[in-house]
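In full-length UniProt numbering, the protein residues as written are 1 to 1057. All remarks here apply to the structure that follows.
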Amino acid sequence: MRSCDIINIPYTTLFVSIAWVLVASGCNRGEQAQSSDQKAIPSSEPASAAKGDTLAVMRQEIASAREGDVNWDAAWMLAKKVLIAYPEDKDALVEVAQVAYRAGHQDIAKDILVQAAVANNFLDESLVNRCVVAMIDAGDMFEAISFLERVVDAYPDRDKVRRLLCDLLIGAEYRERGFSHATKLIRQRKFDFTLLLAMDNHHRRKEENKSLDEMLKRNTDDRRASIGQARSMLDQSRFAEAGVIAKQILDRHPDFQPAMDIYGQALVASDQRDELEQWCVDRLVPLSQTQSLSWSGWITLGDWCRQKSDVALARFAYLNAVANSTDNPLAWSKLAEVSGDSEDIRHEANSLLKLRQQYIEFSKAQIGIGDVDTFLKLIPVIETLTEQGRLWQAEAWAALALTLPPSPSGIDEDAVALRMRIHQHRESILRRLNQNTPWRLASASPDTTISSDDLASSLAALAAKSQSDTARHVVSERNKFPFPDAPFTVDLRNEAVRRGVQFSGKTYEKLDQPGIPFYATLGCGGGAIDFDLDGWPDLYLATAGGRPGERQGAPNALLRNEEGTFRAVTVPTRTGDVGFGQGICVGDINSDGFADLFICNYGENRLLINCGDGTFADQTEQWLPSSDWNWSTSAAIADLDRDGLPDLYVTNYCAGTEPIDRRCDAGDRTEFNKFAGQARACSPTVFKGEPDWVFRGRGEGGLERVPAAYGFELDDAGRGLGVLVGELDENRGIDVFVANDMSLNHYWTSPPTSPSTSGITSTDHLKDDARIEKYLWLDASVSLGLAGNSQSTPQGSMGIASADLDRDGDLDFYVTNFMSESNTLHSKEATGGWRDETYGVNLTDVTLPMVGFGTECVDLNADGWREIIVTNGHVDLYSTRSEDAFYAQPLQVFQRISTGKFTNSEFEADGEYTSQHHVGRAMWTMDVNRDGRTDFAVTHQTEPVALLINHTPIENQTINVQLRGTQSGRDAIGASVTLSVGSHSEVQTLTTGSGFQCSNESVLMFVLPQSAEPNDTTLEVSWPSGRLQEFACGSDVRDWLLVEGDSDAFPITDAVR
């Protein structure tokens, strides 16, 4: 048990087992005709000729022609007789196979070799290898798999054969079958890192497809070899293409399980509801009756049940998926989504997803050296596996870690200490491990409440439901805005210079050249702040420079909005922070009625308190418990615990200073990579994430770090970039949604059972202990479907936008992601969670080539439907076509059309900004000129800040609402407002955080139907304190201030229209 034998099977980054066999074969299907002087397949030892002279005659025929041409056709005629005479003689059969091959009958030769191996009962290992070579040479990979399974059944201790079989099964997408062999190899101490990583990879194909493509060329009748392409298409969100390939396989091989799995997943992801229903009814439901459905098939069946609004049946299906694949994070996360508040299920799903993330991060490290970086990625894997009771795997990882040689650069005491930590951990595992130890000691075992006997009738009744009974969206009956008849043209004009905004937020001096360091890739943010309360939104803009943390950058800028034109007031307001600026947070942190500024820096953050006299004071040391050095990106000020005091949530990115100094190589030179060998920005997974910070307000002033009793599991660092805070779901209480880069997103919420969710009266501030008792938090991202995409896969998430995009009365989320991932639309479901609906509304393909950063959901033309606006831009220059072909990218605006799907908007032809590409970063909303339309500020890497004024013609009147709390927090974050006019009503909730490194103007904009009478308008506010108030807004004023406790609505000013 204290040593491990690492099998040296050629297996680099791709599906190399086939390649290994192909190399061993030395054969090419295109070279069937061979000259007589080529060496024949080596003969085995002569067989006995006791049954006659047919074998001797055949040998004589070949031997007599040694010095000339062998007539292989004649030899083959003789060999047929030998085959009849010696059907179970291994040596004779091998010689006959050799003749058949030389005569051009490769398929027959392969079959005879297999016959020989069977006759020999697989004793001759070299013959077994020759059989596999012949099968691969013929393109019969799946026949080779079946053959190897017979060999392994006969000889369980043949580790190399089992490993080859394991690799072939995984490469052919028979992953569960491959994993069963992997577990045996680990128990037999025959493993390497490749095997350990592969056996838990349910979610994404890592094996290459070239070998499978070669199989398809050699054997065009076997379409199963295209399964790798189908899976790759699915992983790349090209769902329709994946479905087409899988269907082509099934047309030829209807029972090929991997194709069945991918076809079902593709139908769900591409929202082909009619085809999915037919597939479930015709194929999956019958298989479910015999319990012969795969875990993926059960998930597809569960997804179909959810579409049909039968959560109980969906849960039953997901339970069966878990039973079929007990360590599958996707199966557990699906189950968590329909299991309410089940803590055990949520914990199991989170634990498995965390392990998968740790695998991903380790796989991107430079494996081979036992240095600090490698050990720091190995230790979490070992510890998580141990916590899950998977001692065999934990010990295997630890054993391999201890075989890694030290760094050749010399002894590193930190690496030595980490190696000793791993050694001690392994010793503790070995004390618990013996040959009778089960593969996993214990795991959550949820019970189903639906019997198998009821399954058939339940599924039949579900299938009888028409699609109209389970509509994709149930638009509110009181919504008076039909889907738009036709797309409209968007008119956004950059008027920054004309309006006095000339500012560039730069993180690096050479942002227009390849080789941008990682720490400079995020750009700088900003926000809207009415610091002087004159009703006109002002601009605060961040910049950076020099080395992060040294506070040697250019100063940030505050620009005062003077009736639509901006003037710099940075110096007199004392707001010119010189830190390495990232995100900007605006909020009233001290509840004095004036908006304050929290500046997220790479270094020390700063808190600037608005003095109310046109100046700000740096109160960082007085308010924050410590001036910790960190890479903070975004923040939000809100009353998180509903005690009436503002709190602060800060997202943090990567830890320490390593992201400043470390560079990574651009990779090998290819047709599309002309920067090979140059130092480039590393992937964020190279660096350890930094946990977010949560501070709560104190009654006597200042902030304090939230204690562990609050429930925030902030040790699960997520590399936070974007944040959104508000009452985001149907439960009372503030929620925090965090977009994490290459880690699972967070959705911090207070569970419905928490006493706080019944509403806390904030007139008397609670003592510390009481406050802790009344507010506990949990991360519900997995159970609510917000951890990643539809497969719960972490993405390179950055920006977050929210709105009721389908007008069904609840909040939907739009999250921007990295290139090749597509942005994600999370649509709220009636069951309480969110569903990835990106593909179904036509938003996948249009964002796959982009790197999305800032995003907002606004109604540009006041037609009642929100558009999605995204600013894009790559992190570095990678293209060979032109220096900025992929670096600069277009601004995108997606609008609803009559089908309910989205389309990419057209812009006015004379729009200079919208006709060009940009390297966009942060984007936030504000009504710059107070004309009732929503405008935007956008920061960039290679150009000044843009001020995009909305000139799109509007179709209806609007009402803009601002809120002020008294018993609630002053900013009233989490309040919801219901507008009612005639038979029309609409609900909106006030949020903050605003997504990526920015702060929007804190205004709710409502659109009135054309048939509405403005004098009949009422606004009902549900304040965070629990108070309900109704305000009458019966005049032509369109900008209102609603104050908690006051009976009247206050008109702010007459809007310029």
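Ideal Cβ placement from N, Cα and C applies to all residues, glycine included.
(1) Nearest-angstrom Cα distance between GLY500 and SER339?
(2) What separation, rounded to the nearest whole angstrom, lies between the Cα atoms of VAL919 and GLY852?
(3) Go ahead and pull the three-state DSSP assignment for GLN791.
(4) DSSP has VAL1007 in a bridge; who is on the other side?
(5) Please report the residue range of the alpha helix (DSSP H) in which PHE616 lies.
(6) Are LEU533 and THR575 close, meaning C-beta to C-beta below 8 Å?
(7) So, with DSSP's three-state summary, where would you put GLU563?
(8) By the 10 Å Cβ neighbour count, where 16 or more other Cβ atoms means buried, how is GLY799 classified, buried or exposed?
(9) Verify whether the separation of the beta carbon atoms of SER781 and ASN745 is less than 8 Å.
(10) Excluding sequence positions up to five away, which residues of its chain have a Cβ less than 6 Å from the Cβ of LYS688?
(11) Which whole-angstrom value is the C-beta distance of LEU624 and GLY697, which I expect to be below 8 Å?
(12) Return helix, strand or coil for PHE894, following the three-state DSSP convention.
(13) Roughly how many angstroms lie between the CA atoms of GLU943 and LYS510, to the nearest whole one?
(14) Among residues of its own chain, excluding the 5 on either side of THR565, which ones have a beta-carbon nearer than 6 Å to its beta-carbon?
(15) Is it right to say GLN435 is buried, meaning 16 or more other beta carbons lie within 10 angstroms of its own, or is it exposed?
(16) Can you tell me where the alpha helix (DSSP H) with ALA323 in it begins and where it stops?
(17) Would you check if there are 3 or more beta carbon pairs closer than 8 Å linking the segment 352-362 to the segment 808-818?
(18) Looking at the structure shown, is ARG732 part of a helix, part of a strand, or coil, going by DSSP?
(19) Closer than 7 Å by C-beta to GLY612: which residues in its own chain qualify, once you throw out the five before and the five after it? Chain order, please.
(20) Sorted by chain position, which residues of the same chain lie with C-beta nearer than 7 Å to ASN494's C-beta, five sequence neighbours on each side aside?
(21) Please work out which residues of its chain come closer than 6 Å, Cβ to Cβ, to GLY1045, disregarding the five sequence neighbours upstream and downstream, and give them in chain order.
(22) From this set, ALA442, VAL372, ILE411, which residue's C-alpha is nearest ARG421's C-alpha?
(23) Does the segment 614-623 come within contact of the segment 480-493, defined as at least 3 CB pairs closer than 8 Å?
(24) On the three-state DSSP scale, how would you describe ASN129?
(25) Hey, out of GLY535, VAL650, ALA74, ALA544, whose CA is closest to PRO691's CA?
(26) With a 10 Å radius around its C-beta and 16 neighbouring C-beta atoms as the bar for buried, classify ASN8 as buried or exposed.
(27) Please state whether DSSP places ASN652 in a helix, a strand or coil.
(28) Going by Cα to Cα distance, which pick from GLU821, ASP845, ASP812, LEU843 is closest to GLY833?
(29) Using beta-carbon positions only, say whether SER857 and GLY527 come within less than 8 Å of one another.
(30) Please look up how many angstroms separate the CB atoms of LEU825 and LEU843, rounded, as I've assumed it's under 8 Å.
(31) What are the boundary residues of the alpha helix (DSSP H) that includes GLU275?
(32) Taking all protein chains shown into account, do 16 or more other C-beta atoms lie within 10 angstroms of the C-beta of GLU1013, making it buried, or fewer, making it exposed?
(33) State buried or exposed for ILE84, treating a residue as buried only when at least 16 other CB atoms are found within 10 Å of its CB.
(34) With H, G and I counted as helix, E and B as strand and the rest as coil, what does DSSP make of CYS682?
(35) Would VAL268 and ASP303 be called neighbours here (beta carbons separated by less than 8 Å)?
(36) Residue range of the beta strand (DSSP E) that ILE637 falls in?
Taking the definition as stated:
(1) 54 Å
(2) 10 Å
(3) coil
(4) THR958
(5) Segment 616-618 is the beta strand (DSSP E) holding PHE616; no alpha helix (DSSP H) there.
(6) no
(7) coil
(8) buried
(9) yes
(10) ALA655
(11) Not quite, the Cβ-Cβ distance comes to about 12 Å (not below 8 Å), so this is no contact.
(12) strand
(13) 12 Å
(14) ARG499, GLY500
(15) exposed
(16) 311-324
(17) no
(18) coil
(19) ASP592, PHE594
(20) GLU912, TYR913, ALA946, LEU947, LEU948
(21) THR966
(22) VAL372
(23) no
(24) helix
(25) VAL650
(26) Reliability of the predicted coordinates at ASN8 is poor, the pLDDT of 30 falling under 50, and the value obtained from them is presented with this limitation in mind. With fewer than 16 Cβ atoms within 10 Å of its Cβ, ASN8 is classed as exposed.
(27) strand
(28) ASP812
(29) Just to set this straight, residue 857 is Cys in the shown sequence, not Ser. It is not a contact, given that the beta carbons lie outside the stated cut-off.
(30) 6 Å
(31) 273-279
(32) exposed
(33) exposed
(34) coil
(35) yes
(36) 629-638
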